[in-house]
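A quick write-up on the structure given underneath.
Numbering (our numbering), first residue to last: 4 to 573.
Here you go:
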């Protein structure tokens, strides 16, 4: 006798050629699993799987925060057969309604055959304003797979068989979607690694490079914050160099002692660490949270190692879409930390090379300036010309906006000034008898190097012009160590302070200047002496010509006298 078999159509055709479930109570739990898994994969707050009833009206659960908005979005998706990704604050298409949450809405059906079963809607995302493009693509694929699963379940012999086969197919669907998600994640990871490698190879700006690297790590590992701490060998601690996340300004002030906290421990042991209960773990350096107000839940930290030396630590803080970090995260995290270490090392090598080049250029420039000064010493006809040439070299080599050569006038109580102030050269005089920092330095033959003018210091008019910001006063003395003036420089163009290196260079220049000054003075003395000798010679000749040669006749001869022309004039 043939067994009577009853067929149950799970999906039936309703109004407007729309499918509806004839009896979906048995599938309620399975639908809940579908929604739950979809929410988990993209970290959504809420979700709803809409289906038509026999009257062609969309029905769904009541989990959504704003069901009216969600329903409008769902109807738009079905009517236009178009998946939607709505950012927070954007308008629902065809309306003037602004959404206060981010939404993903994907139709469950076959667009080409116009077979539409329902809509899968996700509302809001944890810790972010809006869903990402990757989230949208994943749910789009997931929704298509839901349709295939339901479509293949159109007719079965009894409800138990329907449920069993549907549940089995659902498990296959979830596994397949998870594999798709993992493949997309690996593909994204590979692209990020390639992108980061490209940045490292093309960028020489360390801060910008590390910032992009941290944003990449934050995106890949879905964390609230990522940071790089670098080792300060002099202070034996670590400081925050780059932070991608909140509280950057506050954390930048925090320093972590070597051997303390997770970062300090990783720096000493060179071993990665995972802490998944940071609030109750005594190894965590609580000062960072106390300073910033940030709450650290979990930490993944790896060392930055170059040539077996730890130069820093990279940290990921607070997972977003999962409760904990796990051991499988370490290998991938190490890939990024190794890239960061390479980037830092490369940037430091480039900086060292550029610094060496700058030092070399500086030395070459200084030698060229000393040569120019040597030429000025040889070619200058007077002190004025020598001083002007020297002041230009001083301004150029010491990057000063203000410079002056001050010379005492021995015959008067005056100072002769050859100055260069903000691009303007001037020759002037000033009274020597004054309460001036510069004059006292000359009298005391004392070098003065200041990072800045003390606030409490009262300045003379002369000082106010030539002592602005950081300054150097260098007395200049003759071969007998007697000061005859000073060279003053102040107000560097780059706003930095003068240092001992600048003083040494100024002393080298002043030595050449003094040599030239003394040569000019010696030459002037020789010329003056020769002029005096010539004048005496002329006077002597005049005397020789006008003095009598003998005794006139008629005079009684007395003792013979001889008249001699003068050789000196007193």
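Glycine is no exception: its CB is placed at the ideal position from the N, C-alpha and C atoms. Quantities reported herein were computed from a predicted structural model and do not represent experimental measurements.
Count the other C-beta atoms from every protein chain shown that fall within 10 angstroms of the C-beta of residue i, then say buried if there are 16 or more, exposed otherwise.
i	result
residue 405	buried
residue 477	buried
residue 493	buried
residue 266	buried
residue 47	buried
residue 439	buried
residue 448	exposed
residue 423	buried
residue 352	exposed
residue 142	buried
residue 464	exposed
residue 621	It is not possible to answer for residue 621, since the shown part of the chain is limited to 4 through 573.
residue 576	Outside the modelled stretch of the chain, which goes from 4 to 573, sits residue 576, for which no answer is possible.
residue 400	buried
residue 63	buried
residue 530	exposed
residue 212	buried
residue 540	exposed
residue 599	Any property of residue 599 remains undetermined from this structure, which presents the chain solely from 4 to 573.
residue 431	exposed
residue 280	exposed
residue 60	exposed
Can you grab the Cα-Cα spacing for the pair residue i / residue j, in whole Å?
i	j	result
residue 347	residue 231	11 Å
residue 1	residue 302	No answer is possible for residue 1: it lies beyond the span of the chain, which begins at 4 and ends at 573.
residue 334	residue 149	34 Å
residue 418	residue 429	14 Å
residue 242	residue 322	23 Å
residue 498	residue 236	28 Å
residue 140	residue 246	30 Å
residue 42	residue 178	15 Å
residue 123	residue 198	34 Å
residue 598	residue 425	There is no way to answer for residue 598, as the model of the chain reaches only from 4 to 573.
residue 474	residue 467	12 Å
residue 357	residue 87	52 Å
residue 113	residue 53	16 Å
residue 359	residue 349	15 Å
residue 548	residue 383	42 Å
Looking at the unbroken beta strand (DSSP E) that takes in residue i, where does it start and where does it end?
i	result
residue 432	427 to 434
residue 276	276 to 278
residue 453	451 to 453
residue 1	Residue 1 is absent from the model: the chain starts at 4 and stops at 573.
residue 39	Not the beta strand (DSSP E): residue 39 falls in the alpha helix (DSSP H), residues 31 to 45.
residue 243	240 to 247
Using three-state DSSP, classify residue i as helix, strand or coil.
i	result
residue 361	helix
residue 548	helix
residue 59	coil
residue 298	coil
residue 500	coil
residue 411	strand
residue 8	Residue placement at residue 8 cannot be trusted, given a pLDDT of 37 that sits under 50; the coordinates are not used to answer.
residue 284	coil
residue 112	strand
residue 317	strand
residue 92	coil
residue 120	strand
residue 259	strand
residue 312	strand
residue 235	strand
residue 423	strand
residue 333	helix
residue 186	helix
residue 527	helix
Is residue i near the ligand FMN, judged by its Cβ being under 8 Å from some heavy atom?
i	result
residue 547	Inclusion of the ligand FMN in the displayed structure is not the case, the ligand content being empty and no account of it being possible.
Once you ignore the five residues that flank residue i on each side, which residues in its own chain have a CB closer than 6 Å to its CB?
i	result
residue 275	305, 333
residue 269	276, 304, 306, 316
residue 67	49, 51, 73, 126
Go through its chain and collect everything with a Cβ distance to residue i's Cβ below 7 Å, but skip five positions before and after it.
i	result
residue 489	409, 441, 444, 445, 476, 477, 478, 479
residue 105	89, 90, 91, 127, 128, 132, 133, 134
residue 81	110, 119, 122
The alpha helix (DSSP H) that contains residue i, what's its start and end?
i	result
residue 73	70 to 83
residue 469	464 to 469
residue 447	440 to 447
residue 253	251 to 254
residue 267	264 to 272
residue 456	That residue, residue 456, is in no alpha helix (DSSP H); it is neither H nor E in DSSP.
Looking only at its own chain, which residues have a Cβ that is under 8 Å from the Cβ of residue i, when we skip the five neighbours before and after it?
i	result
residue 509	397, 401, 475, 477, 490, 492
residue 434	416, 417, 418
residue 513	477, 479, 490
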